[in-house]
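In the numbering used here, the protein residues as written are 1 to 190.
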């Protein structure tokens, strides 16, 4: 007996129509449910013989075509939905591509700034090296002004000046020897 009991959608499948038409037929003809299982209402298929005859009339077929969705209409609707989804997907991809290209430009700009700063640091290092050399030269000149003997040591001219320095050394040796003598030695020498 349970095999004869069907839901509204089961009856619609058996008769080849849509569930809404079955619901309208039930409301119009005040057909009572045979059994309820939870929220499901079950009907006997034999209660819908009148609907079956209505569906087989030529006027009903034309009416069903005008009111109901055919499979082709359903397929066209699905295709349109897919096309809309595809357009949305392409817009999202395009937006992501624009974001990626913008980020690439930002990275390139940052890299250029980094390279410029690196070049500026190299110039600064060269300037510091040049200033260090100038400072060393200035200190050397300052020392030379104070002690002419350091000029010879600084420039390596000891060979050219050896003759002059040997005669000067003899004079200086006597002075240094006497200056090295203590006061009591000087008294003895006199």
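Where is the CB? At the ideal position from N, CA and C, for every residue including glycine. Quantities reported herein were computed from a predicted structural model and do not represent experimental measurements.
According to DSSP, residues forming a beta bridge with residue i
{"i": "residue 30", "result": "Bridge partners of residue 30: none, in fact."}
{"i": "residue 35", "result": "42"}
{"i": "residue 5", "result": "44"}
Limits of the alpha helix (DSSP H) - the one that residue i falls within
{"i": "residue 45", "result": "Run containing residue 45: none; DSSP gives neither H nor E here."}
{"i": "residue 189", "result": "183-189"}
6 Å CB neighbourhood of residue i in its chain, flanking five on each side removed
{"i": "residue 42", "result": "5, 34, 35"}
{"i": "residue 22", "result": "8, 11, 12"}
{"i": "residue 51", "result": "25"}
{"i": "residue 16", "result": "none"}
{"i": "residue 134", "result": "none"}
{"i": "residue 121", "result": "none"}
{"i": "residue 40", "result": "7"}
Nonlocal neighbours in the same chain, by C-beta distance under 7 Å from residue i, ignoring five residues either side
{"i": "residue 20", "result": "none"}
Please list the segments of the beta strand (DSSP E) lying wholly inside the segment 72-96, counting only runs of 3 or more residues, in order along the chain. none
Can you check the segment 95-138 for any alpha helix (DSSP H) of at least 4 residues that lies completely inside it and give the ranges in chain order? none
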